[in-house]
Amino acid sequence: MLSYVGVTGFGSRHQVKSVLRSVPFGTNRKLMVGVRASHNTIDGGKHLFPCQYPSGSQMRTIFVNDPRVLNLVHFNTRDPDLLYEQLMDMWGFAGTLCHGFQLNMIWPSPEVIRKVKARWKECIIVLWVCTHAFEVVENNPKTLADKVEREYKGLIDYILLDASGGFGKPLDTEVLRGYLRAITAKNLPIGLGVAGGLSPSTLGLVEPLIKEFPRLSIDAEGCLMDEGDHLNLTLAHDFVNNSLLLFGEI
């Protein structure tokens, strides 16, 4: 399973193609193209951050067909009881170039993920662990790793540890190291990822983890946005380029 450098908040195919210029062919890391969506995307409701949430009709026009990308819808909902139906709807909106979902909710139902995988066998699932999800396991690395093994083994492809909530709060390197070690000890077939306050100038937060976790994936969002809440292409370019340099990919 290839690791990735993720940028979340794409709103057009032009943006994706522009940032993709920073990724050489043959690299061992993909560019994770993150497009945000929610239950409002399905029912046409208004989003709190409309610039970051393309309409359902726009979604399939954003992803590109390129071996260097991992195309994911980052989905959140206030109606978890309808999650399966919503994900199936989102699959229809996102189109055939979409590779799967990052589930931006607190410990989503394993049974729903199982149903999605049964319907769409190639679907990539990223389990997002946010501040509230850490709190559910009492901020205990072993408890979190036990929960992942017990409930999500064989169902998820990546786990992304992110206490920032997409708002740019810097990650705590040593705290995350404890969680990464606990999950690694389970020897699960999943990719490990971290996020939180990452930008071209804060990759030093991740650097201490690379020797121990060389296949670590990373994702950036809030710190790559401009004042109008649009993706800043210069920052996105620099983030991807600097990340690939840091991981020794270019």
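For the sequence shown, the residue numbers in full-length UniProt numbering are 1 to 250.
The beta carbon of each residue, even a glycine, is placed where N, CA and C say it ideally should be.
Beta-carbon proximity of residue i to residue j, cut-off 8 Å
i, j, result
"G34", "V16", "no"
"R68", "L31", "yes"
"A145", "A185", "yes"
"C123", "K115", "no"
"L203", "L246", "yes"
"A110", "E151", "A quick correction: the sequence has Pro, not Ala, at residue 110. Against a cut-off of 8 Å, the Cβ pair of E151 and P110 comes out as a contact."
"residue 271", "R36", "Residue coverage of the chain in this structure runs from 1 to 250, which leaves residue 271 outside it and unanswerable."
"V19", "A236", "yes"
"L188", "V148", "yes"
"H99", "L70", "yes"
"S22", "T41", "no"
Reduced DSSP secondary structure (H/G/I, E/B, other) of residue i
i, result
"G56", "helix"
"L97", "coil"
"R68", "coil"
"A185", "coil"
"residue 254", "Nothing about residue 254 can be reported from this structure: the residues present for the chain run from 1 to 250 only."
"K153", "coil"
"V126", "strand"
"S109", "coil"
"A163", "coil"
"S217", "strand"
"L87", "helix"
"residue 254", "The chain is shown only over 1 to 250; residue 254 falls outside these bounds and no answer can be derived."
"T27", "coil"
"V206", "coil"
"G197", "coil"
"S38", "strand"
Cβ separation of residue i and residue j, assumed to be a contact under 8 Å, to the nearest whole Å
i, j, result
"I159", "G193", "7 Å"
"residue 260", "I125", "The chain is shown only over 1 to 250; residue 260 falls outside these bounds and no answer can be derived."
"P200", "N242", "5 Å"
"F134", "A94", "Not really, about 29 Å apart at Cβ, beyond 8 Å."
"Y5", "V240", "A small fix is needed here, since residue 5 is Val in this sequence, not Tyr. Yes, V5 and V240 are in contact; Cβ-Cβ is about 5 Å, under 8 Å."
Burial state of residue i (16 or more Cβ within 10 Å)
i, result
"P208", "exposed"
"H132", "exposed"
"D162", "buried"
"T234", "exposed"
"P141", "buried"
"R29", "buried"
"M225", "buried"
"T96", "exposed"
"N65", "exposed"
"N104", "buried"
"N76", "buried"
"V9", "According to the sequence shown, residue 9 is Gly rather than Val. By the 10 Å Cβ count, G9 comes out buried."
"M1", "exposed"
"F101", "buried"
"M90", "buried"
"V136", "exposed"
"S164", "buried"
"S38", "buried"
"P24", "exposed"
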